[in-house]
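Written out below as C-alpha cells is the structure these notes cover.
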Amino acid sequence: MDEVNRKQIGRIGLSMAINYFTLQGYTVSLPMNDTQWYDIVIEKDGKFETVQCKATQTKDNRIDFRSTGGTKGEVYDNLLNHSELDYLFCVNKDLDMWLIPIKEITTTRQITLRTEPNKNNQGFQTYKYRVRFSDKA
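Be aware that the sequence shown starts at 32, since it is given in our numbering, and climbs by one per residue.
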C-alpha cells in the first residue's frame, strides 16, 4: 500500500473489513453516523456483533487504542473502555488482516500486529488472530 493520509488509510481498513465479512457470509451494516465506537455491525444466523476497524501504515505495525484530539492532542478516551465492541479488525500496510476479539486483548495502550510469534514469546500474540480472505466461515 502506498503512503496515504489518515482518512484514506481508515477507508482502506473499513473496506477490507466489509469485504472480509461479506466473503465469510455475514451481512454487514454501516451506522448512519460516527458517534459510536464501532465502525460496522455484522450479522450471521441472527447474531449481531460490532467491529472497530483500524489500519496502520507504520513500519512497526502498531495499533494505538487511545484517541486523541483537541488543540494539544491529549488522550481523551480508549477504545477498550467501550463494552459494546466485540471485535477489532486490523489491516497493515502490506494488507495483512487480523480479527481480534476485544475480550482477548490483554494490553491497554497499543498492540503490534505480527504474522509470526514474538521471538521471546512475551506480549500479546497477535499472529494467532491473523485472517485471510480465503478463510472459511
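Note that beta-carbon positions come from the ideal geometry of N, C-alpha and C, so glycine has one too. No experiment lies behind these values; they were computed from the predicted model shown.
{"Asked": "Beta-carbon separation (whole angstroms), ASN152 vs ASN123, contact threshold 8 Å", "Found": "Going by Cβ atoms, the distance from ASN152 to ASN123 rounds to 21 Å, so no, they are not a contact pair."}
{"Asked": "Expected contact under 8 Å - CB spacing of TYR160 and ILE133 to nearest Å", "Found": "Actually they do not touch by this definition, with Cβ atoms about 11 Å apart."}
{"Asked": "In chain order, each beta strand (DSSP E) run of at least 3 residues that lies wholly inside the stretch 50-90", "Found": "58-60, 71-75, 78-86"}
{"Asked": "Pairwise C-alpha distance: THR58 and ASP70", "Found": "14 Å"}
{"Asked": "Local conformation of ILE131 per DSSP, three classes", "Found": "strand"}
{"Asked": "Residue range of the beta strand (DSSP E) that includes LEU116", "Found": "LEU116 -> no beta strand (DSSP E), and no H or E assigned at all."}
{"Asked": "Secondary structure of GLN141, DSSP reduced to three states", "Found": "strand"}
{"Asked": "Collapsed DSSP secondary structure at ILE40 in the structure displayed", "Found": "helix"}
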